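First up is the structure itself, then whatever we jot down about it.
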Amino acid sequence: MAFTHPGVLVGKEQLDRVRAHVEAREQPWRAAYEQMRSSTYAAGDYTAKPYAVVECPPDDRPGHGCVEERQDALAAYTHALLWNITGERAQAEKAVQIMDAWAEVITRHTGENAGLQTGWAASSWARAAEAVRYTYDGWSDGRLLRFERMLRNAYLPQVRDGSAGRNGNWDLVMADATMSMAVFLDDHATFEKAVHHFRTRVPAYFYLASDGKLPRSPENSGIDTAAELKTYWFGQGTYTDGLSQETCRNFKHAGYSLAATAHMAETARHQGVDLYGEVKDRLRAALEFHSAYQLGAEPPGWLCGGTVRRDMGPDTEVGLNHLRNRLKLAMPQTEKYTEQRRPEGTDDLFVAWETLTHAENA
Numbered sequence: 000m001a002f003t004h005p006g007v008l009v010g011k012e013q014l015d016r017v018r019a020h021v022e023a024r025e026q027p028w029r030a031a032y033e034q035m036r037s038s039t040y041a042a043g044d045y046t047a048k049p050y051a052v053v054e055c056p057p058d059d060r061p062g063h064g065c066v067e068e069r070q071d072a073l074a075a076y077t078h079a080l081l082w083n084i085t086g087e088r089a090q091a092e093k094a095v096q097i098m099d100a101w102a103e104v105i106t107r108h109t110g111e112n113a114g115l116q117t118g119w120a121a122s123s124w125a126r127a128a129e130a131v132r133y134t135y136d137g138w139s140d141g142r143l144l145r146f147e148r149m150l151r152n153a154y155l156p157q158v159r160d161g162s163a164g165r166n167g168n169w170d171l172v173m174a175d176a177t178m179s180m181a182v183f184l185d186d187h188a189t190f191e192k193a194v195h196h197f198r199t200r201v202p203a204y205f206y207l208a209s210d211g212k213l214p215r216s217p218e219n220s221g222i223d224t225a226a227e228l229k230t231y232w233f234g235q236g237t238y239t240d241g242l243s244q245e246t247c248r249n250f251k252h253a254g255y256s257l258a259a260t261a262h263m264a265e266t267a268r269h270q271g272v273d274l275y276g277e278v279k280d281r282l283r284a285a286l287e288f289h290s291a292y293q294l295g296a297e298p299p300g301w302l303c304g305g306t307v308r309r310d311m312g313p314d315t316e317v318g319l320n321h322l323r324n325r326l327k328l329a330m331p332q333t334e335k336y337t338e339q340r341r342p343e344g345t346d347d348l349f350v351a352w353e354t355l356t357h358a359e360n361a
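Under numbering that gives the first Met the number 0, residues 0 to 361 are what the sequence shown spells out, in order.
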């Protein structure tokens, strides 16, 4: 199977539609474009700050290059989108300049949060690279090969195998990054590995009653008994459709997983693999469940002790676009939440400009 390019999260037809909407000053795309264009990531004089070793501790201790890496990867993606919308070659060259700066320097990631950090950054790097490589003729072979080596050596080894014993947002973000890099690198074996990870991890993260009385156990995690699962699900022992493993932790981390799940399904769709079809009921339930409580629904006493942390981010556009606009499924809570947030900007981690790229973009 030959990969379709560009085909990491956003495809050529989607990019063309975005450009047409923006040029016609149609909403919500024009507002989303202006939001992106006015961000610090879009600055014409943006300068990368690469590190040879990115060290990310697990707590509030200052890291070494963590914020800079995430910001630079998002800036590269921002300029890649600007290039595809405006046709200004300076935007493509800026994206390449940022990617090349890191490819010249970085060797590895260290620290307890290395896996998650690598997943966040690699997701944005791969989207940026894909959106430039197949639309711009100024990325020289030597610079391109150096960037490919960077992904293979400093990023893929850190995320390819996932992290079964940690909270599920880690695994899903890492799998998102793995799939994205696999497409860009034309690496079919790694793509299949990411697909397998999706198929085992998504059902172990978002619950459906058809799973049985208990949630599914993450593959290779050793978390099997009712007591172990309750602890792993942050004290939640009653399960309902759409609940996630981290719902009772906070909605922020559940949102990361909603976004990563939709990202993978969208990328796979561009490659002719219908992962959406395998999880549409599960993803729909999870989006509706979290959107309803994020909008202010009062949680019952059995759910997280009657208290939830409503801190979900800009994580819903991609999933909503497929389930509502392509499959015509009713998504009233997700639709309301998403439209209230538009234009959904960036979480400054690995989600960026998805109102622009995916709103009503079927």
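Backbone N, C-alpha and C define an ideal beta-carbon position, used for all residues, glycine too.
Everything numeric in this text was worked out from a predicted model, so none of it was measured.
Distance, residue j Cα to residue i Cα
i, j, result
"Leu213", "Asp310", "26 Å"
"Tyr32", "Gln70", "18 Å"
"Ala203", "Thr117", "22 Å"
"Leu14", "Leu184", "21 Å"
"Ala47", "Trp301", "48 Å"
"Leu348", "Glu227", "30 Å"
"Glu12", "Gly305", "45 Å"
"Arg367", "Leu274", "Summary: the structure shown does not reach residue 367, with the chain confined to residues 0 through 361, and so no result is reported for it."
"Tyr45", "Glu67", "12 Å"
"Leu80", "Trp28", "13 Å"
"Phe371", "His289", "Since the first residue of the chain shown is 0 and the last is 361, residue 371 is not available in this structure."
"Trp232", "Ala284", "17 Å"
"Asn83", "Lys327", "29 Å"
"Arg142", "Thr199", "36 Å"
"Arg73", "Thr246", "The sequence given here places Leu at residue 73; Arg does not occur at that position. Each residue's Cα considered, the two are about 27 Å apart."
"Val194", "Pro298", "34 Å"
"Leu355", "Ala225", "43 Å"
"Val21", "Gly312", "24 Å"
"Ala119", "Met98", "Sequence inspection shows Trp at residue 119; the Ala mentioned does not correspond to that position. Distance between the alpha carbons of Trp119 and Met98: 15 Å."
"Ser220", "Val201", "14 Å"
"Gln26", "Gly276", "29 Å"
"Tyr362", "Lys229", "Residue numbering for the chain in the displayed model covers 0 to 361; residue 362 lies beyond these limits and cannot be assessed."
"His108", "Arg24", "42 Å"
"Arg340", "Leu282", "20 Å"
"Tyr50", "Val104", "6 Å"
Cβ neighbours of residue i in the same chain (closer than 8 Å, five flanking residues each side left out)
i, result
"Gly137", "Arg88, Ala91, Glu92, Val95"
"Leu286", "Gly241, Leu257, Thr315, Gly318, Leu319, Leu322, Met330, Gln332, Thr333"
"Pro57", "Gly110, Glu111, Asn112"
"Thr345", "Ser38, Tyr40, Leu73, Pro313, Ala351, Trp352"
Boundaries (first-last residue) of the beta strand (DSSP E) holding residue i
i, result
"Val278", "No beta strand (DSSP E) holds Val278; the alpha helix (DSSP H) holding it covers 274-293."
"His187", "Not the beta strand (DSSP E): His187 falls in the alpha helix (DSSP H), residues 187-204."
"Thr109", "107-109"
Endpoints, alpha helix (DSSP H) assigned at residue i
i, result
"Glu353", "353-357"
"Glu54", "No alpha helix (DSSP H) contains Glu54, which is instead part of the beta strand (DSSP E) from 52-54."
"Glu338", "331-340"
"Met263", "250-269"
"Gly141", "140-149"
"Met35", "28-36"
"Pro156", "155-158"
"Gln96", "88-102"
"Trp84", "Note that residue 84 is Ile in the sequence shown, not Trp. Segment 65-85, the alpha helix (DSSP H) holding Ile84."
"Ala181", "167-183"
"Ala19", "11-22"
"Tyr231", "225-231"
"Arg126", "113-132"
"Val317", "316-319"
Burial state of residue i (16 or more Cβ within 10 Å)
i, result
"Met0", "exposed"
"Asp223", "exposed"
"Ser139", "exposed"
"Tyr76", "buried"
"Pro217", "buried"
"Leu155", "buried"
"Glu129", "buried"
"Leu207", "buried"
"Gln235", "buried"
"Tyr255", "buried"
"Leu144", "exposed"
"Ser370", "A query on residue 370 cannot be resolved here, the shown segment of the chain reaching from 0 to 361 and no further."
"Ala361", "exposed"
"Pro61", "exposed"
"Gly164", "exposed"
Close-in-space but distant-in-sequence residues of the same chain around residue i (CB under 7 Å, 5 per side omitted)
i, result
"Gly114", "Gln157, Val158, Ser162, Trp169, Met173"
"Phe2", "Val182, Asp185, Gln270"
"Ala100", "Ala47, Pro49"
"His363", "It is not possible to answer for residue 363, since the shown part of the chain is limited to 0 through 361."
Any non-hydrogen atom of the ligand ZN closer than 6 Å to residue i Cβ
i, result
"Thr177", "The ligand ZN is not among the ligands present in this structure, which contains no ligands whatsoever."
Neighbourhood of residue i by C-beta, 6 Å cutoff - its chain only, sequence neighbours within 5 removed
i, result
"Ala42", "none"
"Leu8", "Arg126, His262, Glu265, Thr266"
"Ser122", "Asp175, Ala176, Ser179, Phe349"
"Asn166", "Glu245"
"Glu343", "Pro313, Glu316, Glu353, Thr354"
7 Å Cβ cutoff, residue i in contact with chain D
i, result
"Val172", "No chain D is part of this structure, which consists of one protein chain only."
Meets three-Cβ-pair contact criterion under 8 Å: the region 240-250 and the region 260-268: Segments in contact, no.
Segment contact flag, the region 331-347 with the region 289-305, C-beta cutoff 8 Å, min 3 pairs: Verdict: yes, contact present.
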